[in-house]
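4 protein chains.
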Amino acid sequence: GQEGKMFPRKSAASYTDSSDDETSPRDKQQKNSKGSSDFCVKNIKQAEFGRREIEIAEQEMPALMALRKRAQGEKPLAGAKIVGCTHITAQTAVLMETLGALGAQCRWAACNIYSTLNEVAAALAESGFPVFAWKGESEDDFWWCIDRCVNVEGWQPNMILDDGGDLTHWIYKKYPNMFKKIKGIVEESVTGVHRLYQLSKAGKLCVPAMNVNDSVTKQKFDNLYCCRESILDGLKRTTDMMFGGKQVVVCGYGEVGKGCCAALKAMGSIVYVTEIDPICALQACMDGFRLVKLNEVIRQVDIVITCTGNKNVVTREHLDRMKNSCIVCNMGHSNTEIDVASLRTPELTWERVRSQVDHVIWPDGKRIVLLAEGRLLNLSCSTVPTFVLSITATTQALALIELYNAPEGRYKQDVYLLPKKMDEYVASLHLPTFDAHLTELTDEQAKYLGLNKNGPFKPNYYRCCSSSSFLLPRAWGTRAGRVEGTGFNPTGPLRRYQGVSG
Amino acid sequence: GQEGKMFPRKSAASYTDSSDDETSPRDKQQKNSKGSSDFCVKNIKQAEFGRREIEIAEQEMPALMALRKRAQGEKPLAGAKIVGCTHITAQTAVLMETLGALGAQCRWAACNIYSTLNEVAAALAESGFPVFAWKGESEDDFWWCIDRCVNVEGWQPNMILDDGGDLTHWIYKKYPNMFKKIKGIVEESVTGVHRLYQLSKAGKLCVPAMNVNDSVTKQKFDNLYCCRESILDGLKRTTDMMFGGKQVVVCGYGEVGKGCCAALKAMGSIVYVTEIDPICALQACMDGFRLVKLNEVIRQVDIVITCTGNKNVVTREHLDRMKNSCIVCNMGHSNTEIDVASLRTPELTWERVRSQVDHVIWPDGKRIVLLAEGRLLNLSCSTVPTFVLSITATTQALALIELYNAPEGRYKQDVYLLPKKMDEYVASLHLPTFDAHLTELTDEQAKYLGLNKNGPFKPNYYRCCSSSSFLLPRAWGTRAGRVEGTGFNPTGPLRRYQGVSG
Amino acid sequence: GQEGKMFPRKSAASYTDSSDDETSPRDKQQKNSKGSSDFCVKNIKQAEFGRREIEIAEQEMPALMALRKRAQGEKPLAGAKIVGCTHITAQTAVLMETLGALGAQCRWAACNIYSTLNEVAAALAESGFPVFAWKGESEDDFWWCIDRCVNVEGWQPNMILDDGGDLTHWIYKKYPNMFKKIKGIVEESVTGVHRLYQLSKAGKLCVPAMNVNDSVTKQKFDNLYCCRESILDGLKRTTDMMFGGKQVVVCGYGEVGKGCCAALKAMGSIVYVTEIDPICALQACMDGFRLVKLNEVIRQVDIVITCTGNKNVVTREHLDRMKNSCIVCNMGHSNTEIDVASLRTPELTWERVRSQVDHVIWPDGKRIVLLAEGRLLNLSCSTVPTFVLSITATTQALALIELYNAPEGRYKQDVYLLPKKMDEYVASLHLPTFDAHLTELTDEQAKYLGLNKNGPFKPNYYRCCSSSSFLLPRAWGTRAGRVEGTGFNPTGPLRRYQGVSG
Amino acid sequence: GQEGKMFPRKSAASYTDSSDDETSPRDKQQKNSKGSSDFCVKNIKQAEFGRREIEIAEQEMPALMALRKRAQGEKPLAGAKIVGCTHITAQTAVLMETLGALGAQCRWAACNIYSTLNEVAAALAESGFPVFAWKGESEDDFWWCIDRCVNVEGWQPNMILDDGGDLTHWIYKKYPNMFKKIKGIVEESVTGVHRLYQLSKAGKLCVPAMNVNDSVTKQKFDNLYCCRESILDGLKRTTDMMFGGKQVVVCGYGEVGKGCCAALKAMGSIVYVTEIDPICALQACMDGFRLVKLNEVIRQVDIVITCTGNKNVVTREHLDRMKNSCIVCNMGHSNTEIDVASLRTPELTWERVRSQVDHVIWPDGKRIVLLAEGRLLNLSCSTVPTFVLSITATTQALALIELYNAPEGRYKQDVYLLPKKMDEYVASLHLPTFDAHLTELTDEQAKYLGLNKNGPFKPNYYRCCSSSSFLLPRAWGTRAGRVEGTGFNPTGPLRRYQGVSG
């Protein structure tokens, strides 16, 4: 349910951003220390700052570093020419440099006009990556940057890594012939995946695409585990409130809702849940939450949190009935869940009390505390831990490897889920972080269970609770093949980590 | 993973079982108060005791009682002739009398030679159900009882409700022609479902079959929620141990393992987990459990619990290394997980200290405490709450209704999962127990989400965490149709419960 | 708040109790294998069964076993002649045999006419302890047994270990001169301690007395940790109910209430709390419980639990308003909390459905489920873990040692709490069970904190949360001296356990 | 253990602080709108900003607002002339204006040269309070401000409210005669209380003093409940780390340690505990934490947190052995717990990566992450919720009322704890925030328990877990009288809140 977690970490480092340099990067002449000018960033001189942030990120992205080590022997992306369009952050930089180490050539643009960390972009440009991105691009800049990535003499991409589908869209529109050489698309976002399914349905998808948004591991981390922490972080940073004893209603008991409820319950809040699906509702009951309709508790709660993916879950009528000082925020999807537009009426006064915090004041003096204007709290008001981004980035890297190396015919012109074995592999690459020791099946046990000792341990259509209550999955899984026969054997490095104990 | 939860509740009522009546029921002439003798039970005079147990069970099975109420208007099982073979307990009796109220005729045998509650069987016989079952049947008695259910003049079943597949097997073997009139089979157990899939694979399944074992609701309750409570209950009743501060290793982090770990952690135990699947392993890490190999902790733990579904997870070598007084038990599957056979060697002394509790004593005096001889702890040493059995029984009733009313052609000669909507309906029927109020979608919201307001809210292939680590699901879901067009509209009573609040 | 935890463990072993031997033990001529007949038990031949139970208990009472080991060198109770009056169970036997190993002579009677385990009494008699106790004594038997302990030719007690004050009372009444030689009284129960404070207040206490009921360690275990587990156990064994989703109100948020609330919340119940003390009430809020008056929730809850120590907390009016099937039980104090007497009216029908479980049925058919007739649930319907009893028994043993060895003048004719250092020592003796490694202060740190490296680490008047909401402590602590100068150095064995790690 | 929580909330409002106005406030001529110039603040024109912050704080300080309402009838501080020296924040302003509403005249200085919020000081000055404080005072300024509060013609204080003892010290030193008219001192901090006990011991304390630091309610909130939240907040804001799966060692299991452990366990961390006190150690075991020595786990943990109050708990030797990226922080006391000085050696490189975050880098590249240079994490890197400050401020107000109204002779020249009944009253004033409904004793119950229906419900020496492992309480409680006879009846407003329900 949580889209676009690859949002930039708000760096606390003392960036030199506040320069009074107002010249557009497009009008500047810049060269990196090796003399290349095949990039366009804010200020190449910020490279050193960016490099430090990348180095810090590397320490928390062990899986990509493990892939790099392995790549000293083989280069599964040798010959790959990847064009990418994602948020440009320290974590993306670690991904890009890993793809480079695996043999790929990369060209990169930003998928969001605000999210680029200029220092990181500079560091990438300095080390030779053609990067076209800066913070505060205009819409025209945005498309210009994308175009500079693909429209190059003597270089044509054969792989696409996209986040939101804009890059894919641009190539479809401007350079449809390019798809003849493209082996596949890897897409990260809900929106981008949706676009791909529509293309597929319309029979217009002309290369295989991998939906990495719906891998089990990524979903669990983006939704349950990450939100369990970011709900507390987001509320604390914006309001300094105390959780103990507070009455909270959480709308929706999918993965995001489950994470929010568990965290707040643990901190001593009293949590109510609303649901439309009786199965999720029964789970809420068994987990110890009163299942109510929003109307029943709206007058008494201190906090309202939406995690449904639905629209207008909190209406003006609800807002009118809330008690003074009630906090309202959205952890769900987009900005549709709270009917914020209904609050833009003359009788209500808006007061911006802090960044991301508005007091909306009723004529009688009652005020409600609206966070992030109803947009996603966790993206607006808290940070996404590098570890979560590491899982996303590793999944992207493996999807690129799989599509690039797949034998002819394994993937058709359709949208695929990451094969189960690959998903398990991503998980296994992150276990060493926790000094976690996986048990290996004996031959006898593998035979008893009818499993391969190296996995996959679950069938392709197994998705562990990954459907939050609003994400309607598509017809997946039936086509995704196994990993056999890939030159790149994913179980190698995994096993290396397992010899530690008993 | 947990098979056969429909095991009899150990009644604490003062049954008159210990009579010295050694005559076989088959040799007795018994009549109920209406003069019928179409049954065979231990002692028809025990009916009154059994009736009280049934009445108590009724209070905790609200969903079936709701179906009965609804049946005052329509009889969706009118004309159905159901032959059943299940454990015969107070909860089964509530199911049978519900099927009767819905219009069905029933004949019933026991699926297990020990599990029949004689008083309940007597009560059913007294109220006119042809029941053939008693506690302590011989194998010959077992098949004789089944045969008495199906081999009747002037009555031929058109529906089968089976638990384990023995009834289905008997009809296949003895009366294959009977299948011509049979509209479908509803099967409850893992074993029975396995047999059906094999038949299907071999092209020998000649009627549709419904696998109710793998419905989301049933799985969640049988595995996660029920085991979360029964692990504590089973350990306490057998050993009176204190949980606080104890070191425990739980083998397997599927649903059963998750339930065991959560409960013990909450009681102050220190819990370690072993896993083979990296995705489940990563979940264990994020839930705060050290992931280890069994060897690493075997010397230090106070309790070893298996929940893998695998075999020989605890070997003689492990048992040799455990510390004095270590408790060993199995929550997983069958009796294969602990290699109990390896303990039957001359140098070890077995001492039965309580029912279901053995001390196995090493030559040096070390003793380990083996519970239930390695069989399922929760079935052997704790009780299954009526509420869990209610979910199973309701699922069975709805599956019978669905198969019996399905229009020609909806179901082929294959094995089906319960349609998602039915699964949701079972859940919704149990919400009133918790005074839980479901939210209804507005028209606008339903349109936005692309959902029918009455569900299903998730696709058929959605299974929420239901795969414990060992249960390998089959190729399901692709064939299961929707419920539209059934005469029996399952959303009626559900909605009635929802008007309570705001 | 929890009185008298030293209740016998309900042994599951196959005792030979059900003999039809109706002869009073007082009329029997019995001799143990060494020819002694200075005892009076049910049947000396049951000694072997009792010995096995004692051996099992020894394994879970490591602290007493550690004291025994230590006693191989010195005998701090050499010369002590202890007369005791407690429940006679396997755990008491371990205590008695430990006192013997420490040099004491003992004579023992039971403090309760029902609680004696005959086999254990036989085992003690067989190994030479003059024990006078059996299950099912008459009141006359009860006092006869006590008298046989103290009224002996050529033997006069110099220490008293009492549980309830009956033994002390008997000596005061019958043999007041005996107090001239008595060095002190150790009393375990709330009632007995209350009697001693009254004696003290009246100026009639003629020897020092040690109140071991109020030691921090004992209180924490008897109340918080033990009740956290026994509330679940007691409810499950009596009702087989499922905890998940149930609404529960807990009356009283002292230590017992805190334990009950924590356990039920962890199992998925929704818990409400009532309190009279605003400080405890605020704690309940911060721990995530709705603080209500009983009236507010009485119609909706599934379970009512009292832990207040107060009287008539649940009145007939409350009982009249409960919903059908509501469970009512008492974890608090005595049997006053629920007004059970008010249910003994003609219009209500009582139905005993299981041992300790009554259905009380209203004219309209509503039934409430009353457990243990309002007496303490945890004593009536669950077992007390040996580990908890071990803490009590160790505290008693150390109190005897302290009083017996105290230099002239340290203790006056007053009631004392166990010195803090002794309390800490009891705790430290139980740490090895958990393989727990205590950190030792460096000299520099001890100096910085102004503490002795061996403790006490808290002042004498420090009581960690030990006051449950109803137990009004007395004027303690101001007189209790330190342990310096005792021949028996309690820090010895403690430190021995601490060298294990770093 | 946590000293000085009254630290200023870091306001996120857009203060106009960054003015380039470098003139010292002492050199400015300022008047408020009523023409008064009896104050000295940074800039009186900032009053409006400050007023808004005060109004927001008022909404979260219901207890003080309740006192104000009550004061419309009676003025328990009529005639009181209070001189105060505390942090000057929005919450302090609410306290000061409450004291004013209760009838007192106040003059105020800051207890810390950095902590004054200039806008709040301006708002207070604007509304007529003689305030002498600004952010960034020199030491000379500091004492000058204090002197301006006390050294006034025609006005002499009769009450002191101090935080740290500097104000008290100044009066002792400069104006000892002033004490003749002073009725009492209320002191908030550990340090200030310590100084008072020393004065008392030396026989130099010439007025009664009230130690409000050690009230049960304040302690519980400052330590357990506040730290449970601030440990997560502090770690997240500084490092953006993910808690799930992390290994953490918490040194010390007093109230602060208990709060940290509970929070991190709930977020999925694996927590180890070190302790010196066997009773706290046993609690850690029962709460499910492995009790270790620091050495045993120092190589494997991801986070080290100190909460002991001791010194050099984390030594250079420990720091040398930590793994790369290990985070080290202090939640305990002062800055002694981590031996930060030992890290100031030439071979180690310090790198400031963010505010309050240093990387200390070993020659081999290993870096540890040191937060707040070993000072208190929760004060340096997170905010203190207004609700916690509300409890402190209410306690201070009631202590002033009690001392000011106490009849002659109730308090001697000594240090007193807040009477139990007052402490309960503070708690009760905060219950309405949680819509919490206290139960009232019936006459019969009060008689049974031997309690007054209005409390106190616990004896004066009852302190619920308030002793964290390092805070050694003083000789309290024996002298503190009851509240009877005060003109101001504290139970009035409390009871008013209780009529809401049943």
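Chains W, H, A and E are the protein sequences, given in the same order.
Read left to right, the first sequence gives residues 1 to 502 (my numbering).
Read left to right, the second sequence gives residues 1 to 502 (my numbering).
Read left to right, the third sequence gives residues 1 to 502 (my numbering).
Read left to right, the fourth sequence gives residues 1 to 502 (my numbering).
Yeah, the Cβ is synthetic: ideal placement off N, Cα and C, and Gly gets one too.
The model shown is predicted, which means the values in this text are computed figures rather than measured ones.
Per-residue DSSP class, three states only, for H194 of chain E: In the structure shown, H194 of chain E sits in a helix (DSSP, three-state: H, G or I).
task: Taking only beta carbons into account, state which residues of the segment 205 to 234 of chain W come closer than 9 Å to chain H, listed in chain order.
output: Of all residues in the segment 205 to 234 of chain W, those with a C-beta nearer than 9 Å to a C-beta of chain H are V216, T217, K220, F221, L224, Y225 and R228, reading in chain order.
**Asked** Between the segment 289 to 302 of chain E and the segment 229 to 238 of chain A, do three or more beta carbon pairs fall short of 8 Å?
**Response** As far as the Cβ criterion goes, the segment 289 to 302 of chain E does not touch the segment 229 to 238 of chain A, which means the pair count is below three.
- Could you tell me which chain H residues have their CB closer than 8 Å to the CB of I270 of chain E, listed as they occur along the chain? Scanning chain H for C-beta atoms nearer than 8 Å to the C-beta of I270 of chain E yields G288, F289 and R290, reported in chain order.
ask   = Under a Cβ-count criterion, where at least 16 other Cβ atoms within 10 Å of its own Cβ denotes burial, should D364 of chain H be classed as buried or exposed?
value = The residue is exposed, with fewer than 16 neighbouring Cβ atoms inside 10 Å.
Query - Residues from the segment 375 to 386 of chain E in contact with chain W, defined by Cβ distance under 9 Å - result: Correct list: S382, T383, V384, P385 and T386.
Is the beta carbon of A101 of chain A sitting closer than 8 Å to the one on R52 of chain A?
-> Taking 8 Å as the cut-off, the Cβ atoms of A101 of chain A and R52 of chain A do not count as close.
Is the segment 407 to 416 of chain H touching the segment 203 to 211 of chain H, taking contact as three or more C-beta pairs under 8 Å? As far as the Cβ criterion goes, the segment 407 to 416 of chain H touches the segment 203 to 211 of chain H, which means the pair count is three or higher.
Discussion item. Quick test of the definition: if touching needs 3 or more C-beta pairs under 8 Å, does the segment 92 to 111 of chain W touch the segment 419 to 439 of chain W?
Written reply: The segment 92 to 111 of chain W vs the segment 419 to 439 of chain W: no contact.
### Query
Taking one C-beta from the segment 121 to 136 of chain H and one from the segment 55 to 74 of chain H each time, how about it: are there three or more such pairs within less than 8 Å?
Cβ pair count under 8 Å is below three, so no.
Practice item. Flag this pair as yes or no: are the beta carbons of V360 of chain E and L377 of chain E separated by less than 8 Å? Key: No, Cβ-Cβ distance for V360 of chain E and L377 of chain E is not below 8 Å.
Check your understanding: Rounded to whole angstroms, how far is the Cβ of C329 of chain H from the Cβ of I305 of chain H, which I believe are closer than 8 Å?
Key -> Rounded, the Cβ-Cβ distance is 6 Å, consistent with contact.
Give a yes or no on contact between the segment 332 to 341 of chain E and the segment 271 to 291 of chain E, applying the rule of three or more CB pairs nearer than 8 Å. Counting C-beta pairs closer than 8 Å gives fewer than three between the segment 332 to 341 of chain E and the segment 271 to 291 of chain E, which falls short of the contact rule.
Item checked: Contact under 8 Å by Cβ, W143 of chain E with W170 of chain E -> The answer is yes: Cβ separation under 8 Å.
- Message: Using the three-state DSSP reduction, which class does W476 of chain H fall into: helix, strand or coil?
- Response: The predicted position of W476 of chain H is uncertain, since its pLDDT is 21 and thus under 50; a value taken from the coordinates is nonetheless stated next. The answer is coil: DSSP assigns W476 of chain H none of H, G, I, E or B.
Taking a contact to mean a Cβ-Cβ separation below 8 Å, would you say A80 of chain A touches N177 of chain A in this structure? If you check the CB distance, A80 of chain A and N177 of chain A do not come in under 8 Å.
Checklist line | L504 of chain H vs V83 of chain H beta-carbon contact at 8 Å | finding: Here chain H has residues from 1 to 502 only, and residue 504 of chain H is not among them.
Report whether the distance from the Cβ of C329 of chain W to the nearest heavy atom of the ligand MN is below 7 Å.
Only the bare structure without any ligand can be found here, which leaves the ligand MN out of the picture.
Check your understanding: In the structure shown, what three-state DSSP assignment does I391 of chain H receive?
Key -> Looking at I391 of chain H - three-state DSSP - the assignment turns out to be helix.
At 7 Å on the CB atoms, spell out the chain A contacts of F434 of chain H, in chain order. G245, listed in chain order.
> Can you find a C-beta in chain W that's less than 8 Å from the C-beta of S33 of chain H?
Replying inline: Chain W, which has no Cβ nearer than 8 Å to the Cβ of S33 of chain H, makes this no.
Run of the alpha helix (DSSP H) containing A57 of chain E, from where it starts to where it stops:
First-last of the alpha helix (DSSP H) with A57 of chain E: A47 to Q59.
How is D147 of chain E classed by DSSP in three states: helix, strand or coil?
Here D147 of chain E sits in helix by DSSP.
Open item on the list: Let's test the definition: count the other Cβ atoms within 10 Å of the Cβ of C280 of chain W and tell me whether it reaches 16, buried, or not, exposed.
Closed with: It is buried - the Cβ of C280 of chain W has at least 16 other Cβ atoms within 10 Å.
*Hey, is the segment 177 to 186 of chain A in contact with the segment 245 to 261 of chain E, meaning 3+ C-beta pairs nearer than 8 Å?*
Under the 8 Å Cβ criterion, the segment 177 to 186 of chain A does not count as touching the segment 245 to 261 of chain E, having fewer than three qualifying pairs.
Practice problem: State the DSSP-derived secondary structure class of A121 of chain A, mapped to helix, strand or coil. | Solution: Helix, per DSSP.
- Item | Those residues which DSSP pairs with Y272 of chain H across a bridge | For Y272 of chain H, which the question treats as bridged, DSSP gives the partners H:V249 and H:R290.
Exercise for review: Would you list the residues sitting across from H437 of chain H in a DSSP beta bridge?
Suggested key: Answer is none; H437 of chain H lacks a bridge partner.
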